[in-house]
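First comes the structure, then the notes that go with it.
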Amino acid sequence: MTSRRPSGRTRAILTGVLGIVALMAVWELYKWLAPDGGVTVGGATVLPRASDTAMPHLWEMAERAGQPVNRSSSAVPLWRAVLEAGAFSFRVAAIGWLVGVVVGFLLAIVMQRFRTARSAVLPWVVLSQTVPLIALAPLVKGWGNKLEFGSFQWEPWMSVAVIASYLAFFPVAVGVLRGLGSPEAVHLDLMRSFGIGWWRTLWRLRLPASVPYLLPALRLAAANAVVGAVVAEVSTGLKGGLGRMIIEFSQAGSSDPAKAWAPIFGAVLVGLVAAGVVALIGLTLRRYRYAEVS
Amino acid sequence: MKHHIRKIAGVGVIGLTAALALTACSSSSDDSSAPSSSAASTSASASTGELTKVKLQLQWVSQAQFAGYYAAVDQGFYKDEGLDVEIVEAGTDTVPIDVLAAGDVDYAISWVPKVLGSIEQGAKVTDVAQIFERSGTVQISFKDKNITKAADLAGKKVGSWGFGNQWELFAGMQKAGIDTTTGISLVQQAFDMNGFLAGDIDAAQAMTYNEYAQVLETKNPETGKLYQPSDLNVIDWNDEGTAMLQDAIWADSDKLASDPAYADTTVKFIKASIKGWAYARDDAQAAADIVTAAGSTLGTSHQLWMTNEVNKLIWPSTSGVGTINQDQWDQTVAIAKGTKDETGSTIITADPPATAFSNEYVAKALEELKAEGVDVMGASYTPIDVTLNEGGN
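Taken in sequence, the protein lines are chains A and B.
So the first sequence is residues 1473 to 1766, counted in this note's numbering.
So the second sequence is residues -3 to 389, counted in this note's numbering.
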């Protein structure tokens, strides 16, 4: 057992690296094979352009990352600017994720406890995800501007975190609700026969049983929170994060394409880190993961 | 044992996330408290006493299009008038006039045609200073397409951004007798100029201060050098007679009428802003550097180009910077009422109310500026020559 595990881990790392190399190969191969103008059928583009402005070479992007953002004396190298923006977006997304997970969890427990709550709330939970972000973002920002409790002042980044949590709570609410309802009737009957109340049943039986449903939900929530944070940054123009960087650098989309790609790699990196953090949380709950649902 | 270690690791991870969350809170609140604390210290040092807090909503992120306001902050022109101005940047979904109408900011920068629609829908806002006198919107094409005037767009693939940026183009084509529903093929244009460079678009929309420069910052694969102005034809809507008024300072109409302090602040705000624009005219390089220092990540040669082009939209001024010229206002309103876009709708259906613009405040500001010896006409203004580098860097 102990001798097999490290090799399994090494293999996992190798597979991961191989995946990245394969992706890079596909990018360059496509660029090499596809015509610069892309492939169009009857006026509709079916395969994207492969020109240097649309798809810069990987080494060009790497080289650009090492150069300063612009020629001003205070400019930092591009990779550093992207990492700093990524850290900012990650923090906002992490807060959104935490809030979303807590809200989702509470909603799931309420819906599990009261049948009426489930029939009343669940449709709204589903409906909430159909509201487009671009409609939501200015509203949330506008409400935030009016909030003030004593010395507490609503900051623009909080609006972005709220939007991230809005996307993050959904998978948690739905996943945990299913998880809480997953114990078999025999087990519930056993609890009942011992005269154990709802709260202790929740703690001893339902919560442990929900873990296999919880972990995929947390992972989805993390991905949603990152997407939500970046899109909300684009939408509200919040300074400091990757979303804002994407808008600003897109102006150089034709003339300095490698620069415009940099924040996109930053967003990928943030997503990977977020997934990694959730995987670490999963490790701590390992004893409950006898049957992962995915 | 293993479980314990995992548990500890898990607690650690959760703690780490929480800590990150908290640092985000604290660092951001530090950022936001910085301006207020500095405002407090400046007001303490200013002999005139408390500064009036003013928020200005831009229509985009910080860039030299707004150089005058950034220069006025940096050079202390607002402070001289007793104002503590905070510049609020916009995102892709920010409608400056909505933010102003909601009372979240005191003034907003926006194009006149975009606001006319909001006014018809009930927004009570007033154009108190028309900073840009000329339109910066052009339609560019490569020389070999032979598109030199609006009429030449017939039958061509014409790019448009839409979202309220298309009206001068549509007015120009309709004036030239082109049926804009069947006579052209309209192409939705993105932020970048890739569609134009790849030939998807024959004539692309561009701002002189931005997208036009983006093309000139791109290497021509045929020559290996940057594209040159001589490679391009430019249709200028100012020449075609369908220009509409662009960047203006908007204020809350009801507050102007009911709150004398706000009306007074408006004069001061316009005065200091014009001073900022005069600064940008006289030293474009310094103004561009101020914008870059304010956090714009645009390339430095692009930033200087933008400052210079924006200056050309303001200077020389016909009746003093910020003055709304009746003929230009009327032309903007006429186009807004009479031009149909591809969906068949117009911006407005009736004339805007009299409160839609007012020269009262800018006239006072100009008078004070003239008394101080500030050149508000720029009769002798000559643009500088800007060399663009690849990527605008």
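Built from N, CA and C at the ideal position, the CB exists for glycine as well.
Quick one: using the 10 Å Cβ neighbour count with 16 as the cut-off for buried, is B/Tyr158 buried or exposed? Working through the second sequence from its first residue, we reach residue 158 of chain B at position 162. According to the sequence displayed, residue 158 of chain B carries Gly and not Tyr. That one is exposed.
Let me know if B/Ser313 comes out buried or exposed under the rule of 16 or more other beta-carbons within 10 Å of its beta-carbon. Against the second sequence, residue 313 of chain B aligns to sequence position 317. The residue in question, B/Ser313, is buried, as its Cβ has 16 or more Cβ neighbours within 10 Å.
How about B/Asn389: is its C-beta nearer than 8 Å to some C-beta of chain A? Within the second sequence, numbered from 1, the residue matching residue 389 of chain B stands at position 393. Yes, contact with chain A.
Under a three-way DSSP split, which group does B/Thr261 fall into? The residue given as residue 261 of chain B occupies position 265 in the second sequence. The answer is helix: DSSP assigns B/Thr261 an H, G or I state.
Own chain partners of B/Lys51 with C-beta closer than 7 Å, once the 5 adjacent residues on each side are dropped: Numbered from its first residue, the second sequence carries residue 51 of chain B at position 55. Taken in chain order, the residues that qualify are Glu82, Val84, Val101, Asp102.
Contact criterion: CB-CB distance below 8 Å. Does A/Arg1543 meet it with respect to chain B? Sequence index remark: in the first sequence, residue 1543 of chain A carries index 71 (1-based). Judged by the 8 Å Cβ criterion, A/Arg1543 is in contact with chain B.
Three-state secondary structure (DSSP) of A/Asn1542: Looking up residue 1542 of chain A in the first sequence gives position 70. Of the three classes helix, strand and coil, the one that applies to A/Asn1542 here is coil, per DSSP.
Taking the alpha-carbon of A/Val1706 as reference, which of A/Ala1607, A/Trp1671, A/Val1644 has the nearest alpha-carbon? Numbered from 1 along the first sequence, position 234 holds the residue referred to as residue 1706 of chain A. The candidate whose alpha carbon is nearest that of A/Val1706 is A/Ala1607.
Give me the residue from B/Glu46, B/Lys271, B/Lys251 with the minimum Cα distance to B/Val372. Sequence index remark: in the second sequence, residue 372 of chain B carries index 376 (1-based). Taking only the C-alpha atoms, the option nearest B/Val372 is B/Lys271.
Assign B/Asp80 to one of two classes, buried (16 or more other C-beta atoms within 10 Å of its C-beta) or exposed (fewer than that). Taking the second sequence and counting its residues from 1, one reaches residue 80 of chain B at position 84. With 16 or more other Cβ atoms within 10 Å, it is buried.
Does B/Glu82 get closer than 8 Å to chain A when you measure Cβ to Cβ? By 1-based counting over the second sequence, the position of residue 82 of chain B is 86. Chain A, which has no Cβ nearer than 8 Å to the Cβ of B/Glu82, makes this no.
Say whether the segment 361 to 371 of chain B touches the segment 192 to 212 of chain B, bearing in mind that this needs 3 or more beta-carbon pairs closer than 8 Å, one atom from each stretch. no
Can you check whether the C-beta of B/Asn190 is within less than 8 Å of a C-beta belonging to chain A? Counting from 1 along the second sequence, the entry for residue 190 of chain B is found at position 194. Answer yes: the Cβ-Cβ gap between B/Asn190 and chain A drops below 8 Å somewhere.
If you follow the alpha helix (DSSP H) that A/Val1574 is in, where does it begin and where does it stop? Residue mapping note: residue 1574 of chain A aligns to position 102 of the first sequence, counting from 1. Per DSSP, A/Val1574 belongs to the alpha helix (DSSP H) from 1550 to 1585.
Flag B/Asn206 as yes if its beta-carbon sits less than 8 Å from any beta-carbon of chain A, otherwise no. As a working mapping, residue 206 of chain B is identified with position 210 in the second sequence. Yes, because at least one Cβ of chain A sits closer than 8 Å to the Cβ of B/Asn206.
Using only CA atoms, which one of A/Asp1524, A/Lys1731, A/Trp1504, A/Val1740 lies nearest to B/Gly295? Working through the second sequence from its first residue, we reach residue 295 of chain B at position 299. It is A/Lys1731.
Mapping DSSP to helix, strand and coil, what is B/Ile245? Against the second sequence, residue 245 of chain B aligns to sequence position 249. The answer is strand: DSSP assigns B/Ile245 an E or B state.
Cutting at 6 Å between CB atoms, please list the residues of its own chain near B/Ala97, excluding the five before and the five after it. Position 101 of the second sequence, counting from 1, holds the residue named residue 97 of chain B. Excluding positions up to five away in sequence, the list reads Ala119.
Check whether the segment 1641 to 1654 of chain A and the segment 1568 to 1587 of chain A touch, using three or more Cβ-Cβ pairs below 8 Å as the test. yes
Find the residues of chain A that neighbour B/Phe187, judging by a C-beta separation of less than 7 Å, and give them in chain order. For the purposes of this step, residue 187 of chain B is identified with residue 191 of the second sequence, where counting begins at 1. By Cβ distance, chain A contributes Ser1722, Gln1723, Gly1725.
Determine which residues share a DSSP beta bridge with B/Ser181 and list them. Locating residue 181 of chain B in the second sequence gives position 185, counting from the first residue. BP columns for B/Ser181 point to B/Lys153.
Which value, in whole angstroms, describes the spacing of the CA atoms of A/Ile1492 and A/Val1742? Position 20 of the first sequence holds residue 1492 of chain A. Position 270 of the first sequence holds residue 1742 of chain A. So the two alpha carbons sit approximately 16 Å from each other.
Would you say A/Asn1696 lies against chain B (beta-carbon separation less than 8 Å)? The residue you call residue 1696 of chain A lines up with position 224 of the first sequence. Not a single C-beta of chain B is nearer than 8 Å to the C-beta of A/Asn1696.
Please identify the residue among A/Arg1759, A/Trp1626, A/Ala1693, A/Ala1553 whose C-alpha is closest to the C-alpha of A/Val1571. The residue you call residue 1571 of chain A lines up with position 99 of the first sequence. Nearest in C-alpha terms to A/Val1571, of all of A/Arg1759, A/Trp1626, A/Ala1693, A/Ala1553, is A/Ala1693.
Same chain, Cβ closer than 6 Å to B/Ala399, neighbours up to 5 away in sequence not counted: The requested residue 399 of chain B does not occur in the structure, where chain B is confined to residues -3 to 389.
Rounded to the nearest angstrom, how far is the Cβ of B/Gln185 from that of B/Ala209, given a contact under 8 Å? Indexing the second sequence from 1 puts residue 185 of chain B at position 189. Indexing the second sequence from 1 puts residue 209 of chain B at position 213. Not really, about 16 Å apart at Cβ, beyond 8 Å.
Taking 8 Å as the threshold, find out whether the segment 260 to 276 of chain B comes into contact with the segment 308 to 327 of chain B through three or more Cβ pairs. With a cut-off of 8 Å, the segment 308 to 327 of chain B and the segment 260 to 276 of chain B count as touching, because enough Cβ pairs lie within range.
Just confirm the distance between the C-beta atoms of B/Leu309 and B/Glu164, as a whole number of angstroms; I'd bet it's less than 8 Å. For the purposes of this step, residue 309 of chain B is taken as the residue at position 313 of the second sequence. For the purposes of this step, residue 164 of chain B is taken as the residue at position 168 of the second sequence. The Cβ separation is near 13 Å, so there is no contact.
Listed in chain order, which residues of the segment 75 to 101 of chain B have Cβ atoms closer than 8 Å to some Cβ of chain A? Glu85, Ala86, Gly87, Thr88, Asp89, Thr90, Val91, Asp94, Val95, Ala98, Asp100
Return the bridge partner residues of B/Thr133 from the DSSP annotation. Sequence index remark: in the second sequence, residue 133 of chain B carries index 137 (1-based). In the DSSP output, where bridge partners are listed per residue, B/Thr133 has B/Met203.
Determine the extent of the beta strand (DSSP E) in which A/Ala1516 is found, giving its start and end residues. Counted from its first residue, the first sequence places residue 1516 of chain A at position 44. From DSSP, the beta strand (DSSP E) with A/Ala1516 extends over 1516 to 1519.
Of all the residues that make up the segment 275 to 306 of chain B, which are near chain A by a beta-carbon distance shorter than 9 Å? Here the close residues are Asp285, Thr288, Ala289, Gly291, Ser292, Thr293, Leu294, Gly295, Thr296, Ser297, His298, Gln299.
Please classify B/Ala147: does DSSP put it in a helix, a strand, or coil? Within the second sequence, the letter at position 151 stands for residue 147 of chain B. Helix at B/Ala147.
Using a Cβ-Cβ cut-off of less than 9 Å, give me the residues of the segment 213 to 234 of chain B that come near chain A, in sequence order. Glu213, Thr214, Lys215, Pro217, Leu222
Please report the distance separating the alpha-carbon of A/Gln1723 from that of A/Val1548. In the first sequence, residue 1723 of chain A corresponds to position 251, counting from 1. In the first sequence, residue 1548 of chain A corresponds to position 76, counting from 1. Cα to Cα, A/Gln1723 sits roughly 19 Å from A/Val1548.
Can you tell me the Cα-Cα spacing of B/Ser37 and A/Gly1568, whole angstroms? To locate residue 37 of chain B, count along the second sequence from 1; it is residue 41. To locate residue 1568 of chain A, count along the first sequence from 1; it is residue 96. Caution is warranted here: a pLDDT of 38 is assigned to B/Ser37, below 50, making its placement in the model unreliable, and the coordinate value is therefore given only provisionally. One Cα belongs to B/Ser37, the other to A/Gly1568, and the distance between them is close to 35 Å.
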